[in-house]
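Novice: Sharing a structure here in structure tokens format.
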Amino acid sequence: MAGNTSIQLEKSLSPESRALIEKAGELAAERRLGIYLVGGVVRDILLGRANSDLDLVVEGDAAELAESLAREVGGRLVVHRRFGTAKIRTKHLVIDLAMARSESYDHPGALPTVRPGSIQDDLARRDFTVNAMALRLDPGDFGKLVDPFGGQKDLESKLIRILHDRSFIDDATRMLRAVRYEQRFGFRLEASTENLLRQNVTMLRTISGDRVRHELELILKEERPEKALKRAGDLGLLGEMHPALKGNGWLKKKFEKAREVTSVPPPALYFALLTYSLGVKECEDFIARLRMPRAVSRVILDTARLRERVLSLDSPDLPPSAACGLLQEYSPTSVMACAIASDSALVQERLHLYLDRWRHVRTSLDGNALQKLGVPSGPRLGEILKALHEAKLDGKTRSKEDETELVRCWLSQRR
Ligand code: ATP
Ligand code: MG
Numbered sequence: 001m002a003g004n005t006s007i008q009l010e011k012s013l014s015p016e017s018r019a020l021i022e023k024a025g026e027l028a029a030e031r032r033l034g035i036y037l038v039g040g041v042v043r044d045i046l047l048g049r050a051n052s053d054l055d056l057v058v059e060g061d062a063a064e065l066a067e068s069l070a071r072e073v074g075g076r077l078v079v080h081r082r083f084g085t086a087k088i089r090t091k092h093l094v095i096d097l098a099m100a101r102s103e104s105y106d107h108p109g110a111l112p113t114v115r116p117g118s119i120q121d122d123l124a125r126r127d128f129t130v131n132a133m134a135l136r137l138d139p140g141d142f143g144k145l146v147d148p149f150g151g152q153k154d155l156e157s158k159l160i161r162i163l164h165d166r167s168f169i170d171d172a173t174r175m176l177r178a179v180r181y182e183q184r185f186g187f188r189l190e191a192s193t194e195n196l197l198r199q200n201v202t203m204l205r206t207i208s209g210d211r212v213r214h215e216l217e218l219i220l221k222e223e224r225p226e227k228a229l230k231r232a233g234d235l236g237l238l239g240e241m242h243p244a245l246k247g248n249g250w251l252k253k254k255f256e257k258a259r260e261v262t263s264v265p266p267p268a269l270y271f272a273l274l275t276y277s278l279g280v281k282e283c284e285d286f287i288a289r290l291r292m293p294r295a296v297s298r299v300i301l302d303t304a305r306l307r308e309r310v311l312s313l314d315s316p317d318l319p320p321s322a323a324c325g326l327l328q329e330y331s332p333t334s335v336m337a338c339a340i341a342s343d344s345a346l347v348q349e350r351l352h353l354y355l356d357r358w359r360h361v362r363t364s365l366d367g368n369a370l371q372k373l374g375v376p377s378g379p380r381l382g383e384i385l386k387a388l389h390e391a392k393l394d395g396k397t398r399s400k401e402d403e404t405e406l407v408r409c410w411l412s413q414r415r
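Mapping of the sequence shown onto my numbering: residues 1 to 415, in sequence order.
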């Protein structure tokens, strides 16, 4: 099937991508360096799926080659000499070039020690067989598959398989990556891979919060993240992040609803739904473990706190101004999370009204206008503005004239 890969290459790559990798192949050949397309894009070409990330590996100086390539095709070049990597951005494409390297791990969870190596070494340090294939780009053998671990066969059998038994110990983030690919493609974990994963779930503790969070964020970028979360829950991986996290049917329903309401839900919204059943203290632990950035933490904690108070919205006579008074303390994304999570139709309706309308309501008169009407500056002015705002929310005023009249009435009462 190695011959077939050239045909599929045409199907999966844009003419621009194809021209670019051909050029890279020619430049590398002039320098007598091996050059390959690697990783996810090769897997996706074989699956006939679109993928616009071009990852290239060069057996030699990738940075120098990237400089020549950028001169030929145009585009912005960023070189990281220390890592032997470079990135070229053209109008439509991003190309990553890296020097082929071999890796070893000093201890579980450590970042690997890196040395220059061959394409075989470079593929051997990868996560799964289906991600450990390369396509040759040299003009002589353009499009020929390099597949030392049987990735193509595993693609056909729909299996996610690690390359060696220590893989999850070396880098436990691979356990989260495994369920992400498994669920994205509708594959299965290969039996011994699944056993090793189950045996090593606690190795997730060796991974820094930033790295665990990054993998979780990648899961949340999937089309249907709930699938990988369910699997991660069943395998005990979610429990390793926090014992109270669940990837159950409730979460599936709520994630689906989140996509109905916002089409592409922001990660913070998904995180808030994932942690919805946790109390404030539990959320704080989860936030600390994953070193959540401030904006996401705020949404998670706001949701945990608001959850305790939304039931007060469940009364039919509560005026909009009172609902706004309660909700304005909380970030809009946390209000959205509670709207999605709540089981009460009235609460949901109120929260959506708040998000869509109430929170945008502004009075016609501002502070200047009030002063012209004779309101002295000072605390009284603030109180009147607030009262006007509430009157508008509750439908007691409809126009600037209504507001003016109300202010005049208040002023005359004061006298
Ligand atoms: P996606 O479609 O999700 O982008 P991808 O395969 O391109 O999938 P990346 O995260 O972009 O995944 O990584 C590129 C390649 O780097 C992978 O295909 C894999 O070969 C390798 N890789 C990434 N993370 C790891 C890891 N933790 N351990 C080993 N290899 C990894
Ligand atoms: Mg990728």
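Ideal Cβ positions, reconstructed from N, Cα and C, are used throughout, including at glycine.
Only a predicted model underlies this, so the values are computations on that prediction, with no experimental measurement involved.
#1: Tell me the DSSP secondary structure of H80 in three-state form.
#2: Taking all protein chains shown into account, decide if N195 is buried (16 or more other Cβ within 10 angstroms of its Cβ) or exposed.
#3: Which runs of the beta strand (DSSP E) at least 3 residues long sit entirely within the region 118-160? Give them in chain order.
#4: How about the region 217-232 and the region 242-261: do they share at least three Cβ pairs that are nearer than 8 Å?
#5: Out of T262, R307 and P265, point me to the one whose CA is closest to C283's CA.
#6: Check whether the region 56-65 and the region 85-105 touch, using three or more Cβ-Cβ pairs below 8 Å as the test.
#7: Can you tell me whether I439 is helix, strand or coil according to DSSP?
#8: What are the boundary residues of the alpha helix (DSSP H) that includes Y276?
#9: Assuming K392 is part of the alpha helix (DSSP H), what are its boundary residues?
#10: Relative to ligand 2, is the shortest distance from any of its heavy atoms to the C-beta of G40 smaller than 6 Å?
#11: Which first and last residues belong to the alpha helix (DSSP H) in which Y181 is found?
#12: Distance cutoff 7 Å, beta carbons only. Does L37 sit that close to anything in chain C?
#13: For the beta strand (DSSP E) that contains I88, what are its first and last residues?
#14: Using CA coordinates, which residue listed in S104, E260, V41 and R213 is at the minimum distance from D170?
#15: Excluding five sequence neighbours on each side, which residues of the same chain lie with their C-beta closer than 7 Å to the C-beta of V42?
#16: To which residues of the same chain is Q152 closer than 8 Å at the C-beta, ignoring the five residues directly before and after it?
#17: State buried or exposed for N459, treating a residue as buried only when at least 16 other CB atoms are found within 10 Å of its CB.
#18: I need the DSSP call for P108, collapsed to helix, strand or coil.
#19: Under 6 Å: does the beta carbon of R126 sit that close to some heavy atom of ligand 1?
#20: Could you give the DSSP three-state label for S17: helix, strand or coil?
#21: Does ligand 1 have even one heavy atom less than 6 Å from the beta-carbon of T173?
#22: Just curious, the beta strand (DSSP E) that R115 is in, first and last residue?
#23: Check whether the Cβ of R302 sits closer than 6 Å to any heavy atom of ligand 2, and report yes or no.
#24: So, does the region 338-350 touch the region 379-393, judging by three or more C-beta pairs under 8 Å?
#25: For R126, which residues from the same chain have a beta carbon less than 6 Å from its beta carbon, with the 5 sequence-adjacent residues on both sides left out?
#26: So, for G3: in the same chain, excluding its five sequence neighbours on each side, which residues have a beta-carbon less than 7 Å away from its beta-carbon?
#27: To the nearest angstrom, report how far apart K87 and L69 are at their CA atoms.
#28: P265: which of R224, L137 and W250 sits nearest, CA to CA?
Specialist: From the atom records:
#1: strand
#2: exposed
#3: 134-136
#4: yes
#5: R307
#6: yes
#7: The requested residue 439 is not part of the displayed model; the chain covers only 1 to 415.
#8: Note, Y276: premise wrong, no alpha helix (DSSP H); not H, not E.
#9: P379 to L393
#10: yes
#11: T173 to F185
#12: No chain C appears in this structure, which consists of one protein chain only.
#13: T85 to R89
#14: S104
#15: M133, A134 and L135
#16: M1, L46, M133 and L145
#17: Since the first residue of the chain shown is 1 and the last is 415, residue 459 is not available in this structure.
#18: coil
#19: yes
#20: helix
#21: yes
#22: T113 to P116
#23: In the sequence on display, residue 302 carries Asp and not Arg. Because no heavy atom of ligand 2 lies under 6 Å away, the Cβ of D302 does not count as near it: no.
#24: no
#25: A132
#26: The pLDDT assigned to G3 is 48, lower than 50, so where the model puts this residue is not dependable, and the model offers no usable value.
#27: 11 Å
#28: R224
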